[in-house]
Structure formats: structure tokens, C-alpha cells
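> For the record, the sequence lines run as chains B and S.
The end of the first sequence is residue 621 by my numbering, with every number in the run present.
The end of the second sequence is residue 589 by my numbering, with every number in the run present.
We treat Cβ as the ideally placed atom computed from N, Cα and C, and that holds for glycine.
One structure coming up, written as C-alpha cells, with questions to follow.
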Amino acid sequence: GNSVTQMEGPVTLSEEAFLTINCTYTATGYPSLFWYVQYPGEGLQLLLKATKADDKGSNKGFEATYRKETTSFHLEKGSVQVSDSAVYFCALSGPRGSQGNLIFGKGTKLSVKP
Amino acid sequence: DTGVSQDPRHKITKRGQNVTFRCDPISEHNRLYWYRQTLGQGPEFLTYFQNEAQLEKSRLLSDRFSAERPKGSFSTLEIQRTEQGDSAMYLCASSHPVGQGANGANVLTFGAGSRLTVL
């Protein structure tokens, strides 16, 4: 079945450091891929998405590229801020027209220190 | 619209008691999802509705769990005879009909969750 594997955390970085959180997936067909973020005490929020191979999702300085050949959707940010401290979840859903429920990875906790 | 609302935010109960959670989705969303999230894990799918019809249930949804969406608007998730293993955050999400979101991707909007502690 479909699944998502994320790098385990926690990840601790200094402010302005470069961030990469790895995500790989197993899926039949062509899933849509997502990164969700959960700030302390808040609900999950969509950070970015990509719906087809080679698409790049971006938001708030974060980027991720849908790589079909490596079945990956790694999250990157060039310069993290303290306010980026949160838990990041990679997720996939079925292709357009499918049921639409998401399958999540276990999450990666990011702590950014000033 | 204030987003997806869940109530209560926290519930502490004794083992064997019944609990009910309510979710009010974004009004124009016809799909509604329930997920469960335990500490250190990602959300796990429980069930979803399209309008009032419950279209899919996960194997995680034992017979002690029941979800309803009687008028296709708000939804309730009831857990009967709670067990300590039911302690978790119960998340509700809603979305447009599949294919009508931006680029056809099914984007889920989540509520803040209802945290259940079973003593």
C-alpha cells in the first residue's frame, strides 16, 4: 500500500542555517504530495504541495520538488528562523479523482535556536 | 468562516466511559475526515464523509467507534467504553470535492484537534 517515510528527528539548527528534511514515498499511480506543518499548540497547516512529477511546491521560503525517479519530496529552506520551529509532516494522497484521504509520515520535529 | 472547529479541545475520562467529539467543517467543504494522532506519530486516517455519506472506514475504527454526519454539515465521533489505548488527539479535517481544489489536489484543512486522555 501507499506509505511515506520521513527522516527521524528531532532536528536542531541555528538560525539562518540550511534545512533539509528528507521524505520518500511508496505509491501506486501518481500521488499528490504535501508538506504540512504543526506549530506548538496549533492544528496542522498545509505548507506546500505538488501534484505531478517535477512540480516544485513553495511557500514561506520552503521548497520541495516532486521527484518521481527517486520517489522523493524533500523539504528545504535556505535560512531557517526561530519561528520555523515546529513539527513537519510529509503526506501523500491518491491521484486526481481518487478518494483524497492523506497518508502521513511520522513527522520531523525542528527546533531552531537563536 | 473561521475554519474547522472542534469541540471539546480537551477531554479527560475514566476507562469505560463514552465520549463524543464534534467537528464543524468549513461551510463550503462537502468532505469531512477524522484522523487520530498519538504522541510522536503522524495522523492516521479513521474515516471520511462526502456530504452525509460515510464512504470509507479504516481498520483502526473498531466497533466501539462511530461517526456520523447526519445533515452533511457538522460531524460527531463517539467512542464507547473507552480504553487507555484510545488516548490520542482526534483531528477533523474538511476539503472541497476531490478535483476542485487548486490544481486538482485534495487539500485538507485541519482543526486544532480534540485531545482525549483516558485514565
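Is there a Cβ from chain B that is less than 9 Å from the Cβ of PHE590/S?
Not covered by the structure: residue 590/S. The range shown for chain S is 471 to 589.
> Give the interface partners of GLY612/B over in chain S, defined as CB-CB distance under 7 Å, in chain order.
Ordered by position in chain S, the residues that pass the 7 Å Cβ test against GLY612/B are GLY512.
> By Cβ distance, which residues of its chain are closer than 6 Å to ASN488/S, with the 5 residues on each side in sequence left out?
Excluding positions up to five away in sequence, the list reads GLN550.
> Give the secondary structure of SER557/S by DSSP, where H, G and I count as helix, E and B as strand, and everything else as coil.
Coil, per DSSP.
> Which residues, taken in chain order from the stretch 517-528 of chain S, show a beta carbon closer than 7 Å to some beta carbon of chain B?
For the stretch 517-528 of chain S, which is checked against every Cβ of chain B, the residues closer than 7 Å are TYR518 and GLU526.
> Please list the partners that LYS567/B has in chain S, where partner means a Cβ-to-Cβ separation under 9 Å.
Simply none; closest approach about 16 Å.
> Please check if any C-beta of chain S sits within less than 9 Å of the C-beta of LEU502/B.
Because chain B spans 508 through 621 in this model, residue 502/B falls outside it and cannot be assessed.
> Could you check what DSSP says for ASP562/B in three-state terms: helix, strand or coil?
Coil at ASP562/B, not helix or strand.
> With DSSP as the reference, label VAL511/B as helix, strand or coil.
Of the three classes helix, strand and coil, the one that applies to VAL511/B here is strand, per DSSP.
> Shorter than 9 Å from the beta carbon of GLY555/S to some beta carbon of chain B?
So no, GLY555/S is outside the interface.
> At the level of alpha carbons, what is the spacing between LEU551/B and TYR532/B?
Answer to the nearest angstrom: the Cα atoms are 20 Å apart.
> Does the beta-carbon of VAL501/B have 16 or more other beta-carbons within 10 angstroms, so that it is buried, or is it exposed?
This structure leaves residue 501/B out entirely; chain B is present only between 508 and 621.
> Considering only C-alpha positions, which residue in the set SER565/B, PHE580/B, TYR537/B and THR512/B is nearest to LEU554/B?
The option with the nearest alpha carbon to LEU554/B is SER565/B.
> Please check the pair LEU561/S and TYR518/S, which I expect to be a contact at CB under 8 Å, by giving their CB distance rounded to whole angstroms.
Rounded, the Cβ-Cβ distance is 12 Å, inconsistent with contact.
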